[in-house]
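**Q** This structure is in structure tokens; I'll ask about it shortly.
Structural data, given as structure tokens:
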């Protein structure tokens, strides 16, 4: 075993549901509000809060093997790759993206991260690797709509033209004066993985940059 | 503003994603206690400052967070080569000068010589 | 030397300005000089002038590969101040300040030294601690300075946003009333003219291609116009010092970086003082022509291209508009870059070298222009006497090996 | 009469619609399609400004970016003011309001003009260097008056009402300029399938085609332009951007484009559908290839009186007639050195106005256009030039004479021709500005009589930008450049199917810059080279006489090219004059280098959205909303907003008031020392370190030992750089044998992570260890004070017994139902629990603590109280008590230095250098003011002899200083030379106000030196 200490940071037990949980955008919504989606809205924003975010570090071959065992999915074969799969469990989908030659971001349905981490650790055995649970530290924002790309062009220096940023690509890049992980899981959808402490800045920036397109926030 | 090929991400990225970290191939003396004050001062503070071909350490700070090396001309700012940590440059000042001087120069010979040139340390 | 005065100007106007003399000669290099100064920028020319005037060494050549004052003297943002933190730097810059105060009269050339005061604005508690520390040290070193609170800053610069709503509200500032700006080109020309009048040969378009060194003693230089001999050679070549040192087989702890600046279009006078901010990172003054003169930061990479990266300019203007929102509609006319030679401790090198007779004066980073007279003066004294001037002594190259650095990052953290 | 100079037909203005505007308070009419300049000329406005130095009346000279005179202040409201707008580039809009920037009391009757006339001769270049020196004390007074004359327009005094935007663009081919070359280049690249951006600075694309006399495919040139634009706009990956200037060309094909989005509509952007629009937008373009199709600027001839209103560029005259339907006068004299200038005379004549004569500097002009002029009966005076323009506020007379160019003299009698307009053409200068922004120096082409771009990697000049002027050739050249650019980006070469353009037989031009006058240059009437800066030919001659031989010296001494037009009209003429005076050729004199911007750009556009609340990110913790709701004052720590203190309401004489900071901090401190307080410590950096070599790695980057730290334990660590200076500190906990959690200072989080990475990746890649930032994942709350255990006991299932959960232990369990790691570390010196929970649950836990904490007096405290409490214990803050020049030894932290560790950890070697071994280094001590009510100033300097003369030797300074309610005294941390050996000695702190405080050097640990309070 890796001699690392794993820790489930989600409340469990019968009273768990009574515990208030606040996403990184809770304060922003409170302070800046959330403009409604209107008829002429050309871009919409939605936070997909409370997902399970795990940073995986290690060699591609061993991690790939473990990932196949545990989740039945492979690591992206190329740098900047994003692979999605349906999650074999109660809810939805999971994804894994390349972050660096020895670093990947695994996003699983909220609440599954501890178990996934545990199973991965088991599968990885004595290999040199690291898994860090960062579910509380980042959130996922979704941009959709015909003007989504234009809003991104105002915000990131990275080329988001479809020729250069096809579906299945994911990059870490500069977003205004912060940084984001930018992903394109499907033709019409962009995802931004944002650090918690920068979420409010990112949110305000998006509202400001999206104003001319009548940006709306889905809650 | 530079457009830098990240050898790990495999594509060009804007300079804003990177931080320059000074001269490349500065290695810490293996036994610091055995160095003289002068040698230690040299290691800490003295760097090449060429007007021309320079090997630099950069990090893809907002990106893959990997360090790598860039060979860059400090006047034209042209990036001549990008290579990963642990690798050696194939283009050096001498090589570049030769290339500029005589296009017919035997590139392979220069490249193999490059590793032994002064000023390029591991 | 034809003396300049208002009366002289009228006289010349009546003769259609046909009788103005050359401000300096264009001499043919001699075979040998007592002292060679390599580099005809402000510091080199000042060194030559003080050598001739103060130390009676007139058989001097200044060798310049391009045109006089064509390096950072021509590219800086003209700020002059002496409110440095550490004793060693304070002594050096205050020495310069005192010389600035009589410079126009001394060299009979109006360098337009304008003591309109410099504000170093603080935006955080730590900024204010640093400001208090520096001002206290300045006063005990005999340098003028006071600490202002936000209200005091607002009174001095009414157009500045000193409100609490700012992202980084202004908390106060240090204020050096004797500081100010000067006309940068005139400094080089004034020193050149005065040095020339004392017999110094200014050799433009003359490039030093190597040093003549025998048994560890320098005895001249190779140039594109032939060899020129001298047993004392002072190298004052700013961004090119590393290249020069390499020719002499010397290593210097210098890196040459791009430092950018920019000016707005000329607008009617609106800003009387120099305002600098470390924290939001920008500094600004308004020239007599009306341009807002704005300094940007240093780019992190080495560069001799006299240009830097665009985001550096963006960040600087963001800082300026943050401090002066009314300037949002003022327009940027021109940007440019200089090559600054920086030392690890943000302090210059004024030093002998292991080659006897060969001295270096370099590493001024962003502080070069304001030091011009002081640097020239103490360097001249050192060359003339063969012994470093007491003010110059702490700036020896040795400090990088002993560890006795003079860490001025606090005072020089923002380029100026 | 309205618009006396407006033609009945012709041009691209919409005569069916009227636009009303005001200039200097006077109302005028114009049409959509006009620029402010064309509308002023249509209305017969001659004087648009006064010159900078001599206050001479000036009129419009050009029709584009090269205009030096038509500089106006725009804006009808204060917040909408724009200084220095070039009238030739400002589209006319309804209710536009503009003023001249100079002229007092007004531009027509200007008193300063008198000064200029009388005093002009006393203001040669550099006169200010030669005067105002005596007495020295008067300079500031002189300068006050000099400054009064400064500037063109003025800054608004109100904040900008508009917003600005950035857009990051990427393309294969960027084409700069949408004239014939650019259109055709874009077409070639676009057809190939490349991502193309085509930009043009003008309101309408087409460039010279919009005022061309020529036909393409037997139709007007504009028809071809429209056809091409139609095809281009149908291509999905071609972006057309009119009203957009490529203003800066940076390294690696990074080009900034300034798009004026609403500046043609109003001075404050109109709202659309209730939403703000941006005023202008900077596009930051990374292009694979750049095709430079920026055309050429016509050079005026330099003759006496060439600045009197009515002197214009020949090409501009044509543009005003053909594009705007405006003839800017009645009687024209044309002075030219080439065929192209003749277009002005032909257009003028066809507009039904009189061409008095053409003074052609060539001995035998014989080109096709010359013949056309002769055929119209226009008088052509060969071998001659306009040597002087006469007139007060408008040209009245042109003095024409035969000239000897080689001998630089007037060679025949002078003829005076009555006229009101003089158009001149001295040939063309390719617009090479962008090509030289990245350091490439243009090269002189003697055949073209102009500078052409030198090679720039990834850039292809085309058309006029490299001296190809004949329309047919320009279109072919553009296509070739566009196709090649596309090919360089991996697209297929395009075969040209070029339109038919009749080739015009062109006569050779002659090189003429300054026109000789009967009088010597220094004695004759002023011949202007740079009109905006009032630089004359005489000034340049004088500069060269005074020894300013480098062109850079000449420019700086005379101010040539330093105006807002950056010498677009004057630079080459200036160089030619300098060359003449120095007896050199133009290329010998030098080249001309340009810097961004090509034309000025407002600060706002460069700033974009990065202003106001988006100037810099504000980082918040998970409890931020609670802090706001509970009245916290915030301190900026890096980008974080941290609660500084929590002022409470107090009763006051007339109602309530908020506590001062001093009161709040005293209350908060007492609460922690006596009861229990809580701090939001979430901003500390947290790095998750895993791997078999994690422990070894820690041993190398920290000064102290890590080999034996067991799981469940926590240790304080100090980090140095390899120069031996402390740069960060924090605690690191052993989570598992191969697993650690490192904390860093708030400001040091990113730096430390990169620090670990650089050592791992570059120096010790063989160590198996990974670092991940978990700063944002955890929220951290410090519960501290004597009652902390009781409060914790109410909320946690962790065994808090002091023997099972010891100081410097960490345990995991639930706090308020949320899984937590709790660390028994203390930065206050009191019993303390640092609770770490996943940030999404932090607010719940925080609120629960308060729900239970009330009875224990739980008090929230901020950074100020934290600082007081830690300073009482002598705990340092890296960056406040250290400044990059302090070693662990200086801090007195011998206990944290592992000299006997097996590795040479970072910083160790440097501690044995001569300077770091000195015993008189500044060392960390405590200072106790003799007067307990004194709180020393942070930054106060420590001296041993307060009576010493200035400069007074300084021996150290105060790094931290507070009032301690516990000690009931001020106290401070300081660094003092040799301080460790000076315990009990008295030092002095001289203050700015003349007071000198006395203090005693004491241990920096003021409270509980044995650490009993935290260890309970």
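Residue numbers (our numbering), protein chains in the order written: chain A, 4 to 222; chain B, 439 to 560; chain C, 181 to 596; chain D, 3 to 1018.
Each residue gets a CB set at the ideal place from its N, CA and C atoms; glycine is no exception.
This structure is a prediction, so every number in the text was calculated from the model and none was measured.
How about residue 334 of chain C: is its C-beta nearer than 8 Å to some C-beta of chain D?
**A** Taking Cβ atoms only, chain D never reaches closer than 8 Å to residue 334 of chain C, which makes this a no.
**Q** So, with DSSP's three-state summary, where would you put residue 78 of chain D?
**A** coil
**Q** Closest Cβ-Cβ distance between residue 269 of chain C and chain B: below 8 Å?
**A** no
**Q** Below 8 Å between beta carbons: does that hold for residue 1 of chain D and residue 599 of chain D?
**A** This structure cannot settle anything about residue 1 of chain D, because the visible part of chain D is limited to 3 through 1018.
**Q** At what residue ranges does the region 468-536 of chain B contain a whole run of the alpha helix (DSSP H), taking only runs of 4 or more?
**A** 475-483
**Q** Taking 8 Å as the threshold (beta carbon to beta carbon), is residue 601 of chain C in contact with chain B?
**A** Residue coverage of chain C in this structure runs from 181 to 596, which leaves residue 601 of chain C outside it and unanswerable.
**Q** How far does the beta strand (DSSP E) with residue 500 of chain D in it extend, from its first residue to its last?
**A** Element bounds for residue 500 of chain D: n/a, residue is neither H nor E.
**Q** Whole alpha helix (DSSP H) runs in the region 58-135 of chain D with 4 or more residues, listed along the chain?
**A** 113-121, 129-132
**Q** I need the boundaries of the alpha helix (DSSP H) containing residue 465 of chain B, first residue and last residue.
**A** Counting along the chain, residue 465 of chain B falls outside any alpha helix (DSSP H), and DSSP gives it neither H nor E.
**Q** What are the residues that DSSP puts in a beta bridge with residue 465 of chain C?
**A** C:473
**Q** Counting beta carbon pairs with one atom in the region 31-49 of chain A and one in the region 758-771 of chain D, are three or more of them shorter than 8 Å?
**A** no
**Q** With 16 other CB atoms within 10 Å as the buried threshold, where does residue 791 of chain D fall?
**A** buried
**Q** Spatial neighbours of residue 395 of chain D within its chain, please: CB distance less than 7 Å, with the 5 preceding and 5 following residues excluded, ordered by chain position.
**A** 48, 49, 59, 311
**Q** Starting from residue 241 of chain D, trace the beta strand (DSSP E) in both directions and tell me its first and last residue.
**A** 240-243 is the extent of the beta strand (DSSP E) around residue 241 of chain D.
**Q** For a contact meaning CB atoms closer than 7 Å, what does residue 582 of chain C contact in chain B?
**A** 475
**Q** Closer than 9 Å between beta carbons: that is the criterion. Which residues of the region 500-524 of chain B meet it against chain A?
**A** Flagged, chain order: 500, 501, 502, 503, 504.
**Q** Within this structure, are the beta carbons of residue 350 of chain D and residue 399 of chain D separated by less than 8 Å?
**A** no
**Q** Could you tell me which whole beta strand (DSSP E) segments of length 3 or greater appear in the region 403-443 of chain D?
**A** 411-420, 423-427, 430-432
**Q** Can you give the Cα-Cα distance for residue 591 of chain D and residue 549 of chain D, rounded to whole angstroms?
**A** In this model, residue 591 of chain D and residue 549 of chain D are separated by some 14 Å (Cα to Cα).
**Q** Would you kindly report the start and end of the unbroken beta strand (DSSP E) that includes residue 682 of chain D?
**A** 679-682
**Q** Straight-line CA distance for residue 685 of chain D to residue 509 of chain C?
**A** 37 Å
**Q** Are the C-beta atoms of residue 797 of chain D and some chain A residue less than 8 Å apart?
**A** no
**Q** Could you spell out the range, first to last residue, of the alpha helix (DSSP H) harbouring residue 307 of chain C?
**A** Unbroken alpha helix (DSSP H) run through residue 307 of chain C: 305-320.
**Q** Counting only Cβ pairs nearer than 9 Å, list the residues of chain A close to residue 821 of chain D.
**A** 10, 11, 12, 13, 14, 15
**Q** For residue 1075 of chain D, name the three-state secondary structure that DSSP assigns.
**A** Limits of chain D in this structure are 3 at one end and 1018 at the other, which puts residue 1075 of chain D out of reach.
**Q** What does the Cβ neighbour count give for residue 469 of chain D, buried or exposed, with the cut at 16 atoms within 10 Å?
**A** Residue 469 of chain D comes out buried.
**Q** Strictly under 8 Å for the Cβ-Cβ distance: is residue 636 of chain D near chain B by that measure?
**A** no
**Q** Go ahead and label residue 4 of chain D buried or exposed: buried means 16 or more other beta carbons lie within 10 angstroms of its beta carbon, across all protein chains shown.
**A** exposed
**Q** Helix, strand or coil for residue 602 of chain D per DSSP?
**A** coil
**Q** Tell me which residue opens and which closes the beta strand (DSSP E) that residue 2 of chain D is part of.
**A** Nothing can be reported for residue 2 of chain D: it is not among the residues displayed for chain D, which extend from 3 to 1018.
**Q** Against chain C, with Cβ distances strictly below 8 Å, would residue 301 of chain D count as a contact?
**A** no
**Q** So with Cβ pairs under 8 Å, would you call residue 272 of chain D a contact of chain A?
**A** no
**Q** Is the beta carbon of residue 439 of chain C closer than 8 Å to that of residue 520 of chain C?
**A** Their beta carbons are under 8 Å apart, which means residue 520 of chain C touches residue 439 of chain C by this criterion.
**Q** At the level of alpha carbons, what is the spacing between residue 345 of chain C and residue 618 of chain D?
**A** CA-CA distance, residue 345 of chain C to residue 618 of chain D, rounds to 13 Å.
**Q** Suppose only complete runs of 4+ residues qualify. What are the alpha helix (DSSP H) ranges in the region 821-877 of chain D, listed by chain order?
**A** Segments of the alpha helix (DSSP H) lying fully in the region 821-877 of chain D: 844-855, 865-874.
**Q** At a cut of 8 Å, does the region 503-517 of chain B reach the region 477-493 of chain C through at least three beta carbon pairs?
**A** With contact defined as three or more Cβ pairs closer than 8 Å, the region 503-517 of chain B and the region 477-493 of chain C are in contact.
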